[in-house]
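K.L.:
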Amino acid sequence: MKHITLLFIAILILASCANKKEQVSTFWISGFKVSCDAGAGKSNCLLINKSEELKDDSWELFYSDIEGFGFRQGDLKKVEILIEQPEDRALASDVSKMKYTLIKELEEITDPRAALAVNWQLEELNGTVLNERIIPPTLTFSLLEMEIHGNGGCNSYNGAITKLGLNSIAFGDLIKTLKMCAEDTAEEEYLNALSKVSFFEIENTR
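Residue 207, in our numbering, is where the sequence shown stops; the numbers in between run on with no holes.
(1) Quick one: using the 10 Å Cβ neighbour count with 16 as the cut-off for buried, is D112 buried or exposed?
(2) How far does the beta strand (DSSP E) with L62 in it extend, from its first residue to its last?
(3) Cα separation between G173 and I162?
(4) Given K180, which residues of its chain have a CB within under 7 Å of its CB, disregarding the five upstream and five downstream residues?
(5) Can you tell me the Cα-Cα spacing of E188 and G153, whole angstroms?
(6) Which whole-angstrom value describes the C-beta separation of V25 and E68, a residue pair presumed to lie in contact below a C-beta threshold of 8 Å?
(7) Find out if the Cβ-Cβ distance for the pair I84, E23 is shorter than 8 Å.
(8) Please determine whether the Cβ atom of K177 lies at a distance below 7 Å from any heavy atom of the ligand GDP.
(9) As a quick exercise: from G75, S65, E125 and L131, pick the residue whose alpha carbon is nearest that of M99.
(10) What number of angstroms, rounded off, separates the C-alpha of I49 from the C-alpha of W60?
(11) Note down, in chain order, each residue of its chain lying with its Cβ closer than 7 Å to the Cβ of L140, except the 5 sequence neighbours on either side.
(12) Count the other C-beta atoms from every protein chain shown that fall within 10 angstroms of the C-beta of K164, then say buried if there are 16 or more, exposed otherwise.
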C-alpha cells in the first residue's frame with residue numbers, strides 16, 4: 002500500500018509540472034510608455050525590442066506587467082524575463098494569462114527619445130539660421146500619445162509619430178489650421194521639411 006501511495010504522489014507531481022510551460026526571453030524595454038488599448042480600456046504600455054544589440058527599430062507594444070521590474074522614465078533597459086504559461090494556451094492567443102517575472106537586468110542606458118518630450122523652437126531651417134523677424138515655428142512631442150503638435154509661425158498643426166527608433170523618426174500626414182497669415186513666415190517650408198524628416202539627433206536641451 003505504501004508503494005502505491007508514493008507512486009500516486011509522484012504521478013500528481015509530474016502532472017502538475019507538465020501543466021505549464023516556462024521559457025526565458027531577453028529583450029530591451031524603452032524608457033517611455035505609450036497609450037494603448039489593453040482590452041478592458043486604455044492603459045499605458047511598455048515598448049520592447051527583441052534585437053540583441055538594438056540594431057533595428059522593431060519596437061512593439063508589451064501589454065502585461067513584469068513582476069519585479071521597476072520602470073523609470075528615460076532608462077532603456079535590457080532584461081532577462083521568465084515567461085510562464087499554461088501548456089494548452091498559445092502565447093499570442095491570450096497574453097493576459099501569461100506571467101512575466103524579472104530574472105535580472107542585464108544593461109541600462111539612457112533612452113535618447115525621452116529627451117524629445119519638451120517644447121522645441123526652430124533655430125535653423127535647411128542649413129540657414131532663421132531670420133529674426135520671422136516668428137519661429139514650435140514643436141512639442143507627446144510620446145505617450147505618439148503625436149506631435151506645434152505652431153508653424155501662423156497656423157497650428159498636429160500629426161502622428163509613425164516611427165520612433167533611437168535616432169530614426171517619421172511622421173504621418175500633418176494637419177494644420179487654415180488661418181490667413183498677415184506676416185511672412187517660414188511655415189510652408191518648415192512643415193514641408195518636417196514631413197520628410199527621417200533622423201534626429203539631440204545636441205543639448207538648454
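Don't be surprised by glycine CBs; every beta carbon is placed ideally from N, CA and C.
P.N.:
On the basis of the coordinates in this document:
(1) Walking along the sequence shown from the start, residue 112 turns up at place 111. Looking at its Cβ environment, which holds 16 or more other Cβ atoms inside 10 Å, D112 is buried.
(2) Mapped onto the sequence shown, residue 62 falls at position 61. Here the beta strand (DSSP E) through L62 covers W60 to F63.
(3) Sequence index remark: in the sequence shown, residue 173 carries index 172 (1-based). Sequence index remark: in the sequence shown, residue 162 carries index 161 (1-based). If I take the Cα positions, the gap works out to 6 Å.
(4) Here residue 180 is taken as the residue at index 179 of the sequence shown, counted from 1. Closer than 7 Å at the Cβ level, and outside the excluded window around K180, lie C155 and N156.
(5) Within the sequence shown, the letter at position 187 stands for residue 188. Within the sequence shown, the letter at position 152 stands for residue 153. Approximately 5 Å, taken between the alpha carbons.
(6) Locating residue 25 in the sequence shown gives position 24, where the first residue counts as 1. Locating residue 68 in the sequence shown gives position 67, where the first residue counts as 1. Rounded, the Cβ-Cβ distance is 14 Å, inconsistent with contact.
(7) On the sequence shown, residue 84 is found 83 positions in, with the first residue counted as 1. On the sequence shown, residue 23 is found 22 positions in, with the first residue counted as 1. Their beta carbons are under 8 Å apart, which means I84 touches E23 by this criterion.
(8) Only the bare structure without any ligand can be found here, which leaves the ligand GDP out of the picture.
(9) In the sequence shown, counting from the first residue as 1, residue 99 sits at position 98. When only C-alpha atoms are compared, the closest one is S65.
(10) Counted from its first residue, the sequence shown places residue 49 at position 48. Counted from its first residue, the sequence shown places residue 60 at position 59. In a straight line, the C-alpha of I49 is about 5 Å away from that of W60.
(11) Translated into positions along the sequence shown, residue 140 becomes position 139. Closer than 7 Å at Cβ, skipping near neighbours: W121, I149 and G151.
(12) Against the sequence shown, residue 164 aligns to sequence position 163. Exposed: under 16 other Cβ atoms inside 10 Å.
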